[in-house]
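J.:
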Amino acid sequence: MVKRGQVWTWVRGDDRHHVLVISNDEYNAEPGVAVWALILVRGLPQSNPLGVHLCSDDPFGGASVSIPALVQILDRGSLTENHGYLAPGTMRAVEDALREFMDLV
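Here the sequence shown is numbered in the numbering used here, starting from 1 and rising by one per residue.
(1) For Pro-68, would you say it is in contact with chain C, using Cβ-to-Cβ distances shorter than 8 Å as the test?
(2) So, with DSSP's three-state summary, where would you put Gly-51?
(3) With burial defined as no fewer than 16 other Cβ atoms inside 10 Å of the residue's Cβ, what is the status of Arg-4: buried or exposed?
(4) Leaving out the 5 sequence neighbours to the left and right, which residues in its chain are closer than 7 Å to Ile-73 when beta-carbon positions are compared?
(5) Between Ile-67 and Leu-104, is the Cβ-Cβ spacing less than 8 Å?
(6) Take Gly-84 and list the residues in its own chain whose beta-carbon comes closer than 6 Å to its own, dropping the five residues that flank it on each side.
(7) Checking 8 Å against the spacing of the C-beta atoms, do Ala-157 and Val-52 come in under that value?
(8) Excluding the five sequence neighbours on either side, which residues of its own chain have a C-beta within less than 6 Å of the C-beta of Val-19, listed in chain order?
(9) So the candidates are Asp-57, Asn-48, Ser-56; which of them puts its Cα closest to the Cα of Phe-101?
(10) Whose C-alpha, out of His-17, Asn-82, Asp-96, is nearest the C-alpha of Pro-88?
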């Protein structure tokens with residue numbers, strides 16, 4: 001099952017992306033409800049306020065979670081490989097960045 005905080009490979013056509021699942025596990029358990037995720041990117045400057053940089057304890061350390069790169073995944077079969085969970089501190093930083101980005105502070 002897809003769970004919040006996990007990093008997956010998402011296949012869309014010929015493209016492959018690494019994504020962080022941010023939707024609630026209660027919703028993730030419902031087959032008819034989309035999984036919400038953020039795309040991981042490389043090369044995001046440290047000074048970019050719209051990204052959270054992954055630490056060495058995270059899958060794909062050195063990459064960044066791009067806060068405005070939100071995707072809705074309807075086909076769970078397109079999530080092909082589970083790479084594990086973000087470290088708790090990194091996940092808290094992502095949550096804080098989402099609250100800031102959406103003005104929910």
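Just so you know, even glycine gets a beta-carbon here, dropped at the ideal spot from N, CA and C.
Keep in mind that this is a model prediction, so the values were computed, not measured.
T.: In short:
(1) No chain C is part of this structure, which consists of one protein chain only.
(2) strand
(3) buried
(4) Trp-10, Ala-34, Val-35, Ala-37, Leu-79
(5) no
(6) For Gly-84, where only same-chain residues beyond five positions count, the Cβ hits under 6 Å are Pro-59.
(7) The first residue shown for the chain is 1 and the last is 105, placing residue 157 beyond what the model contains.
(8) Answer for Val-19: Trp-8, Trp-10, Ala-37, Ile-39, listed in chain order.
(9) Asn-48
(10) Asp-96
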